[in-house]
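All remarks here apply to the structure that follows.
Number of protein chains: 2
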Amino acid sequence: MARTKGRLTQRDIAKLAGVSQAAVSLILNGGAEQARLSSETRERVMAVIQGTGYVADPLARQMHKKGNQLLGVFTYEPVFPNAQADFYTPFLLGIEGEAERLGYDLLLFTSTPVEDGRRKLFRKESRLRLADGCIVIGREQDRDELARLAADGYPFVTIGRRDDDSEQIPYVGADYLTVTRDLVRRAHDLGHSHLLYVGDGSGAESLMDRWQGFSEAVATLGLTGDRTAPMVAPSEIIERALASGATVLFCEVADGALALAREVDTRRLSSRLSVVAMGSAASLSLPSLQLSGFELPREEMGRQAVRTLSAIIENRSVERQILLRPNTVDGQTLRKREQ
Amino acid sequence: MARTKGRLTQRDIAKLAGVSQAAVSLILNGGAEQARLSSETRERVMAVIQGTGYVADPLARQMHKKGNQLLGVFTYEPVFPNAQADFYTPFLLGIEGEAERLGYDLLLFTSTPVEDGRRKLFRKESRLRLADGCIVIGREQDRDELARLAADGYPFVTIGRRDDDSEQIPYVGADYLTVTRDLVRRAHDLGHSHLLYVGDGSGAESLMDRWQGFSEAVATLGLTGDRTAPMVAPSEIIERALASGATVLFCEVADGALALAREVDTRRLSSRLSVVAMGSAASLSLPSLQLSGFELPREEMGRQAVRTLSAIIENRSVERQILLRPNTVDGQTLRKREQ
DNA sequence: TCAACCAGCTAATACGTATTAGCAAGAATA
DNA sequence: TATTCTTGCTAATACGTATTAGCTGGTTGA
Chain A
1 MARTKGRLTQ RDIAKLAGVS QAAVSLILNG GAEQARLSSE TRERVMAVIQ
51 GTGYVADPLA RQMHKKGNQL LGVFTYEPVF PNAQADFYTP FLLGIEGEAE
101 RLGYDLLLFT STPVEDGRRK LFRKESRLRL ADGCIVIGRE QDRDELARLA
151 ADGYPFVTIG RRDDDSEQIP YVGADYLTVT RDLVRRAHDL GHSHLLYVGD
201 GSGAESLMDR WQGFSEAVAT LGLTGDRTAP MVAPSEIIER ALASGATVLF
251 CEVADGALAL AREVDTRRLS SRLSVVAMGS AASLSLPSLQ LSGFELPREE
301 MGRQAVRTLS AIIENRSVER QILLRPNTVD GQTLRKREQ
Chain B
1001 MARTKGRLTQ RDIAKLAGVS QAAVSLILNG GAEQARLSSE TRERVMAVIQ
1051 GTGYVADPLA RQMHKKGNQL LGVFTYEPVF PNAQADFYTP FLLGIEGEAE
1101 RLGYDLLLFT STPVEDGRRK LFRKESRLRL ADGCIVIGRE QDRDELARLA
1151 ADGYPFVTIG RRDDDSEQIP YVGADYLTVT RDLVRRAHDL GHSHLLYVGD
1201 GSGAESLMDR WQGFSEAVAT LGLTGDRTAP MVAPSEIIER ALASGATVLF
1251 CEVADGALAL AREVDTRRLS SRLSVVAMGS AASLSLPSLQ LSGFELPREE
1301 MGRQAVRTLS AIIENRSVER QILLRPNTVD GQTLRKREQ
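Taken in sequence, the protein lines are chains A and B.
Take the first sequence: its position 23, counting from 1, is numbered 23 in the numbering used here, and each next residue is one higher.
Whatever position you read off the second sequence (first residue = 1), add 1000 for the numbering used here.
So this is what it looks like as structure tokens:
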């Protein structure tokens, strides 16, 4: 019933067990052997620790560069979503599962205010180092912040490929290049020879990869591949495709793909125009309209990020840049070309 | 650019500027006024700081704050759900929002394995005390664990009312009693006089409250109120209601309410039998079938839990047991009684 | 009988910063 | 000329833990 005020410290434990603070620390950190503390003493101290539920202050431990079995999770946006089918949740599901398996607790950096829709990684009161390392998630990440993090030697892994000139950034990304190539080949196998890429194909690495995979496959297979900006109405894009003779739309952004597919459906053009979604083909689909394309292995990416981060923290050798293959989704919107 | 070995500290700055470490700290933290450091000294030190790019170690800065600004979140089940409309997410949404507002980070205790579908609060190596305090969420909580936590003086708040004989358990719960009373009154206003409570009305506090609110209101208004166990097929419950002359079903469990409402709908009995869901009336409803009843203010409960916990941690006086009013949901399944 | 040795522990210090108490030298006051 | 006040700073300490050096009292060896 002892209402202890404030945090329990090693000094408290020591007093309760009738030993010195140093003894407590030694026992907790395996230095007891070397210091020749008797097993009786050890047991006595451990009993007190268990009875009180004492855990070392993570701050004080980190001052000595010790670990706390704590993985940070930094998201540029709120972790817990309002929207139903949220983009982040599957990643976090995987992260949670793997953290549990490896015995880590998760530290969500929610103390940084979300400003203009995103959080800042660095602040005066940055608490990143409370965690042993950190997983960084977010569609748009700040390259400079990441480079600085890497330069500081802080262990972290980003979800999504990030390249930097001066620093090697550890990541778990998706292999957009290969899967896009495969989809182009599949379109080819279904008789299509004129493809239209809907998107900018520039900006984030993931976008460049899609465009590159598309271009390469088109070239290899001797097809015709055009590109059009996505910032126009679906109907206009469809007009362009029909006018140019394209029979498949490769959509960079999945939302856009769904809009296009619905428009195609409404206008009963599905026999003349196929739609491929380069991402979220499964999760964004409607029951009545299954998009063709691919889906990121989000949960597995989360798991892999934890494994990689854990390896980095524990100084085990590990591949720091990993690309996982997205799963192709057959769906209904990529069809055999009709003559 | 001199990559000095180790981190640049205030001591280094002090040496370079020819002052004491304390002076550097004071200048950085605005204590310079009070310590009457001359503006020349201030400028000299600031110049050195700018030249070297020194930044204070945030960890060391926070060492002698009282707490670590860390709130634990303990869930008996995994935090990140697979299911779409998850029970916990709204709580966590509120918790995250309020944690952000108050400058707390969140610690998820994922290192405890989920066994038989739930986690254990206490283990040999409980890490609860890593956090300054903890929010406990879960439908079924272990009373003994909570009582022990309270006895230990560890700051925590549970979501959901928990009563204990010997310890006062802090909670943020829902006021089932009042809202159930109100719903009975509403049924009465709509002409109903014979009500059937579907559920056990015992077990968790929240169930007892519903039953009590129901019973009291029925007595006060001079109505007839029966009770039937929920563990039978919807059709059977409906038979019983019709046979006994009841015209409203008060369903303890929202899932059951939905099943009953659908059955009523299918059998075209909705003019003769109303259904009230005592919980999740909004979130569980189908677009085609809006349940009548009430909905917990989950997000607000999460927010309130953080506020209460924060107050407890900081030793501010605060109401430790709070009941929030659920929102009533009109819906389609509670109708005027037809003669 | 004294040195050497060992088991079993503690004192002391470091980590990097914040903060309080207080010191030294000169200026103002009586 | 002695006292108080003021200015401008530093010494000391605290935060909680990790680690190293070293102390004490007993046993062994010669």
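In this text, a Cβ means the ideal position worked out from N, Cα and C, and glycines have one as well.
Note that the structure is a prediction, hence the values are computed from the model and not measured.
Backbone secondary structure at residue i - three-state DSSP
| i | result |
| --- | --- |
| A:Tyr76 | coil |
| B:Val1055 | coil |
| A:Glu125 | coil |
| B:Gln1321 | strand |
| A:Trp248 | At residue 248 of chain A the sequence reads Val, which differs from the Trp that was named. Note: A:Val248 maps to strand in three-state DSSP. |
| B:Val1276 | strand |
| A:Ala2 | Summary for A:Ala2: the model assigns pLDDT 40, below 50, so the residue's position carries little reliability; its value from the coordinates is reported in the next sentence. Of the three classes helix, strand and coil, the one that applies to A:Ala2 here is coil, per DSSP. |
| B:Leu1037 | coil |
| A:Gly331 | coil |
| B:Phe1087 | coil |
| A:Leu71 | strand |
| A:Lys15 | helix |
| A:Pro287 | coil |
| A:Arg337 | coil |
| A:Arg101 | helix |
| A:Gly201 | coil |
| A:Gly94 | helix |
| B:Met958 | Past the boundaries of the shown model lies residue 958 of chain B; chain B is included only from 1001 to 1339, so the question cannot be answered. |
| A:Ala32 | helix |
| B:Leu1242 | helix |
| A:Pro326 | coil |
| B:Ala1060 | helix |
| B:Arg1044 | helix |
Unbroken beta strand (DSSP E) run spanning residue i, endpoints
| i | result |
| --- | --- |
| B:Asp1105 | 1105 to 1108 |
| A:Glu115 | Taken as a continuous stretch (DSSP letters only), A:Glu115 belongs to no beta strand (DSSP E), as it is neither H nor E. |
| A:Ser292 | 292 to 295 |
| B:Thr1224 | 1224 to 1228 |
Amino acids of chain A, ordered along the chain, whose beta-carbon sits closer than 7 Å to that of residue i
| i | result |
| --- | --- |
| B:Arg1127 | Val55, Asp105 |
Partners in chain A for residue i, counting only beta-carbon separations shorter than 9 Å
| i | result |
| --- | --- |
| B:Glu1096 | Pro78, Val79, Phe80, Leu108, Thr110 |
| B:Ala1099 | Leu108, Thr110, Ser111 |
Partners in chain B for residue i, counting only beta-carbon separations shorter than 8 Å
| i | result |
| --- | --- |
| A:Leu93 | Pro1078, Phe1080, Pro1081, Asn1082 |
| A:Gly30 | By Cβ distance, chain B contributes nothing, its closest Cβ being about 14 Å from A:Gly30, past 8 Å. |
| A:Thr75 | Within chain B, no residue comes near A:Thr75; the closest Cβ sits about 10 Å away, beyond 8 Å. |
| A:Leu16 | Near A:Leu16 there are no residues of chain B at all, since even the closest Cβ is about 13 Å away, more than 8 Å. |
N-terminal and C-terminal residue of the alpha helix (DSSP H) that residue i is part of
| i | result |
| --- | --- |
| A:Phe214 | 205 to 221 |
| B:Ala1261 | 1254 to 1266 |
| A:Ala22 | 21 to 28 |
| A:Leu309 | 298 to 313 |
Within chain B, partners of residue i - CB distance below 7 Å
| i | result |
| --- | --- |
| A:Ala60 | Met1063 |
| A:Thr89 | Phe1080 |
| A:Leu8 | Arg1129 |
Under 8 Å by beta carbon: chain A residues contacting residue i
| i | result |
| --- | --- |
| B:Leu1130 | Val55, Pro58, Asn68, Leu70, Asp105 |
9 Å Cβ cut-off: residues of chain B touching residue i
| i | result |
| --- | --- |
| A:Val114 | Glu1100 |
Length-filtered (3 minimum) beta strand (DSSP E) runs lying within the segment 1125 to 1197 of chain B | If we require 3 residues or more, the beta strand (DSSP E) runs fully inside the segment 1125 to 1197 of chain B come out as 1133 to 1137, 1156 to 1159, 1171 to 1174.
Which residues, taken in chain order from the segment 1136 to 1165 of chain B, show a beta carbon closer than 8 Å to some beta carbon of chain A?
-> Residues passing the 8 Å Cβ filter: Ala1151, Asp1152, Gly1153, Tyr1154.
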